[in-house]
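Read through the structure below, which is laid out as structure tokens, and then see the notes.
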Amino acid sequence: MGWISPRALNRLGMLNMNRRNVDYIARYNERASYPLVDNKLKTKLVVAEYGVKTPRLLQVVREQHEISHFREMAEDLAGFAIKPAKGSGGKGITVITGRDGDEYIKGSGVRVNAGYLERHLTNILAGLYSLAGTPDVAIVENLVQSEPTLARYSHQGVPDIRIVVFRGYPVMAMLRVATTASDGKANLHQGAIGVGLDLGSGRGLNAVQFNRPTLLHPDTGLALENIQISDWELMLEMAARCYEATGLGYMGVDLVVDANEGPLLLELNARPGLAIQMANGQGLLPRLKTIEKLKRPHFTPQERAEFAMATFAARA
Amino acid sequence: MTNPSRIPFYVAVLLLIGAGISLAIWRHMELGIPWLAGEQRPVWMVEARIDFDSNNGPVLASLNVPEQPPGFSIISEQAASPGYGFSIVGKNGNRRAEWTKRDVVGPQTLYFKAQFVPSDRDRPDLSARKPRAHDVFWEEPQATAVREILDQARERSSTPESMTREVIRLMRPDGANQNTALLASDGDNISLLVKMLNHAGIPARTADGLRLEDARRRQQLMPFLQIYNGSRWLTFDPKTGEQGLPDNLLLWREGSASLLDVVGGDNSRVSFSMLRQTVPALQLATMQSKSNSLGYLGFYELPIEEQSMFRLLLLLPLGAFVVAFMRMLIGIRTSGTFMPVLIAVAFVQTALIPGLVAFVAIVAIGLLMRGYLSSLNLLLVSRISALIILVIFITAGLSVFGYQMGFNTGMTVTFFPMVIIAWTIERMSILWEEEGVREVLIQGTGSLFVAVCAYLLMSIPLSGHLTFNFPELHLVILGLILLMGQYTGYKLTELRRFSPMKVYD
Chain A
7 MGWISPRALN RLGMLNMNRR NVDYIARYNE RASYPLVDNK LKTKLVVAEY GVKTPRLLQV
67 VREQHEISHF REMAEDLAGF AIKPAKGSGG KGITVITGRD GDEYIKGSGV RVNAGYLERH
127 LTNILAGLYS LAGTPDVAIV ENLVQSEPTL ARYSHQGVPD IRIVVFRGYP VMAMLRVATT
187 ASDGKANLHQ GAIGVGLDLG SGRGLNAVQF NRPTLLHPDT GLALENIQIS DWELMLEMAA
247 RCYEATGLGY MGVDLVVDAN EGPLLLELNA RPGLAIQMAN GQGLLPRLKT IEKLKRPHFT
307 PQERAEFAMA TFAARA
Chain B
9 MTNPSRIPFY VAVLLLIGAG ISLAIWRHME LGIPWLAGEQ RPVWMVEARI DFDSNNGPVL
69 ASLNVPEQPP GFSIISEQAA SPGYGFSIVG KNGNRRAEWT KRDVVGPQTL YFKAQFVPSD
129 RDRPDLSARK PRAHDVFWEE PQATAVREIL DQARERSSTP ESMTREVIRL MRPDGANQNT
189 ALLASDGDNI SLLVKMLNHA GIPARTADGL RLEDARRRQQ LMPFLQIYNG SRWLTFDPKT
249 GEQGLPDNLL LWREGSASLL DVVGGDNSRV SFSMLRQTVP ALQLATMQSK SNSLGYLGFY
309 ELPIEEQSMF RLLLLLPLGA FVVAFMRMLI GIRTSGTFMP VLIAVAFVQT ALIPGLVAFV
369 AIVAIGLLMR GYLSSLNLLL VSRISALIIL VIFITAGLSV FGYQMGFNTG MTVTFFPMVI
429 IAWTIERMSI LWEEEGVREV LIQGTGSLFV AVCAYLLMSI PLSGHLTFNF PELHLVILGL
489 ILLMGQYTGY KLTELRRFSP MKVYD
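Residue numbers (our numbering), protein chains in the order written: chain A, 7 to 322; chain B, 9 to 513.
Below, the structure written as structure tokens:
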């Protein structure tokens, strides 16, 4: 892999971990707002007030004894996702895509029984996946049906779109696509592909897997640069709207495109990772500085999304 | 959302670091706490032996003992004399050791021992008021001789010091001077000098000094001449006129009091023997701190058990510093932020290699058992609790097994923090299931690497010495950690992580 000199990184405007923590997260993110994003249930409720759609909530399991109700509820559901409310990095999320008699079929194709899911719920309640090991609640959501044009790029799972929002302005975006290497998960360090997206158009710019540039999806063989996200402006506006909902100045907004309901918010992240820069082949710093220098910020999410589309569009 | 000025922060950090360093330097100078661990200091053990023949009745023996001899400080005093009551009485230049006993028969021997350590500290002037030259009456023909000598000396001098030197020079017996010969016929040169200087208006007195040479016995005191120059007493050698004291000279008696008084005894003598010892400088400082008002700033006053606990506790900031450095500047991933520090502290007690072996063994066995536990579908708290008990079993098993195999070091595994190890196993096991073995190995070796670095830093004798004896140096560590918290530059590992970006440069 080799090394890169700090000067070259500076030239590229690469945001690094320490700087992100000190100059952006610590400065722009109010500690009091963290619970809003660290708890998916709270996120769902608060963004709903601002007109941002999320996958439909089916059930909340708060106590051990409520687990028995889960079986009744899940009885006639074809697909759903169980998530720990305080989980991070996709930990503890179990996706059920179908049924086979009494058995449930996981996203990976593995069949599990109801007992397995109940144990999983128990683990979630005990706090196994929560940020500090604190007791947690489990939420059961409607399964997201990935939009077919995007779904064909992904090996299992639903591709999701990460947009970094700074002071309400979308500043950078990428699409995360699962691969066999990532075991159907959209986690970049597990081998998922990150596709940098042009903020101006929602078109694929550049793709990386394991931090190395790639052109084609290793499983499907599709050219990643041809990706075009539909409803792009709406998605940017949704992301911008989350700033009003949470007040977090620097955050990551994770969206998916549902075949039936359109763009949905999956979760918010108060400490978004840095890999998005590699997927875009560009550093975040110049864009963050552009926003910081704005004398008169725009007031509505729509204006901010339009500003971002105009300012950060890829120059052809 | 403004960018607050960082200047107050940097000033505060600089003040913190400055305060830590200057406090350490100050304590080094005041208390003599050494910078290095093994430093040795010479100490003179001086023993005064008093012999006398009793008159078969009550006895009071009183010996002048030094209070603050110039160039030395006293670190201990004791008397050995069976059957005698003993106490040290008096202050301000006349400090006396007194032995008392009701019925005394036959020849007697009393001992007084004191330890002196060379020191450069200025002693405060003890005399409450300024000494004045007392009047001396001379008879003829001495009066004329004295006047002539003093006139001669005064002509060739300008200060009390030079005057004293001139008088001593003129009074030297070999000088072919009639006046000198006349005066010196009395024999007692030094009391003559004292009288003459007082006559000349310079306060003067005698003092007794002891030449310190290793392993000398039956030494006598040597007389010295002291004059008061208006601000302090100065010492002169009455034979050569040399001013000041040689390094190895201890002034045992200053002022006009007698050296030894014995009431109820005859034929009293005092003689001195001495021994040069070396004492660790630290022990010396500890002893002195008890008498010094600054002593409360250290841990020496605490019971030994608490001291040894603090010794370990005060190493923790070093470990925290290493972790902060490794994570923020190097970017090494560890499992649990400060788990490596606690492991490093355990290594300090177990020694490195046995500690490493035991730790890896415990975690590996624990991971295997955790695999079974996970299939039992327990609640998290009870799973961790079970794991803690298993970890205790494993350590106990390793200790017993190691002992039977003849490794005594096996016993020391009990120093590992059980709860931390249990959590480590739990976290590693989840990491294994979720991210795979690779991530477990990365974080595991990262943790061990940081722990070993912290251990290496903590186990340097110097760091243990400095952290315990100069606890104020922790302010410096604190300042450095605060400074590191402001570091927004690239971590070393990021230079590698972002290296694919070279393509876009």
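Glycine included, C-beta positions come from ideal geometry on N, C-alpha and C.
Using a Cβ-Cβ cut-off of 6 Å (strictly less than) and excluding sequence neighbours within five positions of Pro-66(B), which residues of its own chain qualify? Sequence index remark: in the second sequence, residue 66(B) carries index 58 (1-based). Arg-110, Gly-272.
With a cut-off of 9 Å, does the C-beta of Asp-255(B) fall near any C-beta of chain A? Counting from 1 along the second sequence, the entry for residue 255(B) is found at position 247. With 9 Å as the cut-off, Asp-255(B) does not count as an interface residue toward chain A.
Is Arg-17(A) close to chain B, meaning its C-beta is less than 9 Å from at least one C-beta of that chain? Reading the first sequence from its first residue, position 11 is the one you call residue 17(A). So yes, Arg-17(A) belongs to the interface.
So which residues on chain B does Arg-25(A) lean against when the C-beta distance must stay under 7 Å? Taking the first residue of the first sequence as 1, we reach residue 25(A) at position 19. Residues of chain B passing the Cβ test: Thr-496.
For the stretch 367–380 of chain B, which residues have a beta carbon sitting closer than 7 Å to at least one beta carbon of chain A? Against chain A - using a Cβ distance shorter than 7 Å - the stretch 367–380 of chain B contributes no residues.
Quick check on Tyr-34(A): does DSSP put it in helix, strand or coil? The residue you call residue 34(A) lines up with position 28 of the first sequence. In the structure shown, Tyr-34(A) sits in a helix (DSSP, three-state: H, G or I).
Provide the residue(s) that pair with Leu-203(A) in DSSP beta bridges, ordered along the chain. Position 197 of the first sequence, counted from the first residue, corresponds to residue 203(A). According to DSSP, which records beta bridges pairwise, Leu-203(A) is partnered with Ala-179(A), Gly-210(A).
Does any C-beta atom of chain B lie closer than 9 Å to the C-beta of Asp-204(A)? Numbered from its first residue, the first sequence carries residue 204(A) at position 198. False, the Cβ-Cβ gap to chain B never drops below 9 Å.
Beta-carbon gap between Leu-321(B) and Val-356(B) smaller than 9 Å: Walking along the second sequence from the start, residue 321(B) turns up at place 313. Walking along the second sequence from the start, residue 356(B) turns up at place 348. No, the pair does not count as a contact, with Cβ atoms beyond the cut-off.
Helix or strand or just coil, what does DSSP make of Leu-449(B)? Your numbering for residue 449(B) matches position 441 in the second sequence. In the structure shown, Leu-449(B) sits in a helix (DSSP, three-state: H, G or I).
Should Trp-9(A) be flagged as near chain B, meaning a C-beta pair shorter than 9 Å? Taking the first sequence and counting its residues from 1, the one referred to as residue 9(A) is at position 3. Interface residue, yes.
Taking Cβ positions only, does Ile-15(B) come closer than 9 Å to chain A? The sequence position of residue 15(B) within the second sequence is 7, counting from 1. No, Ile-15(B) lies away from the interface with chain A (no Cβ there is under 9 Å from its Cβ).
Residues near Ala-293(B) by beta carbon distance below 6 Å, same chain, minus five either side: Within the second sequence, numbered from 1, the residue matching residue 293(B) stands at position 285. Result list for Ala-293(B): Leu-39, Gly-40, Ile-41, in chain order.
To the nearest angstrom, how far is the alpha carbon of Lys-203(B) from that of Val-144(B)? As a first step, residue 203(B) is located in the second sequence; it is residue number 195 there, counting from the start. As a first step, residue 144(B) is located in the second sequence; it is residue number 136 there, counting from the start. Rounded to the nearest whole angstrom, the CA to CA distance from Lys-203(B) to Val-144(B) is 7 Å.
Which residues in chain B have a C-beta closer than 9 Å to the C-beta of Val-28(A)? List them in chain order. Counting from one through the first sequence, the residue named residue 28(A) turns up at place 22. What Val-28(A) touches in chain B: Gly-493, Gln-494, Tyr-495, Thr-496.
Are there 16 or more other CB atoms within 10 angstroms of the CB of Gln-6(A), so buried, or fewer, so exposed? Because chain A spans 7 through 322 in this model, residue 6(A) falls outside it and cannot be assessed.
Given this structure, state the Cα-to-Cα distance separating Val-448(B) from Gln-48(B), to the nearest angstrom. The count along the second sequence starts at 1 and reaches residue 448(B) at position 440. The count along the second sequence starts at 1 and reaches residue 48(B) at position 40. Near 49 Å, if we compare the C-alpha coordinates of Gln-48(B) and Val-448(B).
Hey, does Tyr-18(B) have any beta-carbon neighbour from chain A nearer than 9 Å? For this step, residue 18(B) is matched to residue 10 along the second sequence. No, its Cβ sits nowhere closer than 9 Å to a Cβ of chain A.
Own chain residues within Cβ distance below 7 Å of Leu-240(A), not counting five before or after: Within the first sequence, numbered from 1, the residue matching residue 240(A) stands at position 234. Contacts found: Pro-269.
Within this structure, are the beta carbons of His-482(B) and Ala-45(B) separated by less than 9 Å? For the purposes of this step, residue 482(B) is taken as the residue at position 474 of the second sequence. For the purposes of this step, residue 45(B) is taken as the residue at position 37 of the second sequence. No. Outside cutoff.
Report yes or no: do the stretch 76–93 of chain B and the stretch 256–267 of chain B share at least 3 C-beta pairs separated by less than 8 Å? A contact exists between the stretch 76–93 of chain B and the stretch 256–267 of chain B.
If Ile-441(B) and Ile-392(B) are in contact, beta carbons under 8 Å, what's the gap, nearest whole angstrom? The count along the second sequence starts at 1 and reaches residue 441(B) at position 433. The count along the second sequence starts at 1 and reaches residue 392(B) at position 384. Inspection of the sequence shows that residue 441(B) is occupied by Glu rather than by Ile. That belief does not hold up - the Cβ atoms of Glu-441(B) and Ile-392(B) are roughly 16 Å apart, past 8 Å.
Can you tell me where the beta strand (DSSP E) holding Ile-489(B) begins and where it ends? Counted from its first residue, the second sequence places residue 489(B) at position 481. Careful: Ile-489(B) lies outside any beta strand (DSSP E), inside the alpha helix (DSSP H) at 481–492.
Straight-line CA distance for Lys-301(A) to Lys-295(A)? Taking the first residue of the first sequence as 1, we reach residue 301(A) at position 295. Taking the first residue of the first sequence as 1, we reach residue 295(A) at position 289. The alpha-carbon atoms of Lys-301(A) and Lys-295(A) are separated by roughly 12 Å.
If contact means a Cβ-Cβ distance below 8 Å, which residues of the stretch 311–335 of chain B contact chain A? none
Around the C-beta of Ser-127(B), are 16 or more other C-beta atoms found within 10 angstroms, so that it is buried, or is it exposed? By one-based count along the second sequence, residue 127(B) stands at place 119. Looking at its Cβ environment, which holds 16 or more other Cβ atoms inside 10 Å, Ser-127(B) is buried.
Exposure of Leu-384(B), with buried meaning 16 or more beta-carbon neighbours within 10 Å: Here the question's residue 384(B) lines up with position 376 in the second sequence. Residue burial annotation: Leu-384(B) is exposed, with fewer than 16 other C-beta atoms found within 10 angstroms of its C-beta.
Contacts that Glu-441(B) makes with chain A (C-beta to C-beta distance below 7 Å): On the second sequence, position 433 is the one that residue 441(B) refers to. Within chain A, no residue comes near Glu-441(B); the closest Cβ sits about 10 Å away, beyond 7 Å.
Under 6 Å Cβ to Cβ from Phe-94(B), same chain only, skipping five residues before and after it: list those, please. As a first step, residue 94(B) must be located in the second sequence, where it is residue number 86. Ala-87, Trp-107.
Rounded C-alpha distance that separates Ala-212(B) from Met-171(B): If you number the second sequence from 1, residue 212(B) lands on position 204. If you number the second sequence from 1, residue 171(B) lands on position 163. Approximately 12 Å between the Cα atoms of the pair.
Mind the definition here: the stretch 229–247 of chain B touches the stretch 18–31 of chain B only if three or more C-beta pairs lie below 8 Å; say whether that holds. no
Just how far apart, CA to CA, sit Val-287(B) and Phe-124(B)? Here residue 287(B) refers to the residue found at position 279 of the second sequence. Here residue 124(B) refers to the residue found at position 116 of the second sequence. Near 11 Å, if we compare the C-alpha coordinates of Phe-124(B) and Val-287(B).
Within 9 Å (strictly less), CB to CB, does Pro-278(A) reach chain B? What you label residue 278(A) is simply residue 272 of the first sequence in a count that begins at 1. Chain B, which has no Cβ nearer than 9 Å to the Cβ of Pro-278(A), makes this no.
Should Tyr-411(B) be labelled buried (16 or more other beta-carbon atoms within 10 Å of its own) or exposed? Translated into positions along the second sequence, residue 411(B) becomes position 403. Answer is exposed; the Cβ neighbour count stays below 16.
Expressed to the nearest angstrom, what Euclidean distance is found between the alpha-carbon atoms of Ala-525(B) and Ser-166(B)? Only positions 9 to 513 of chain B appear in this structure, which leaves residue 525(B) out of reach.
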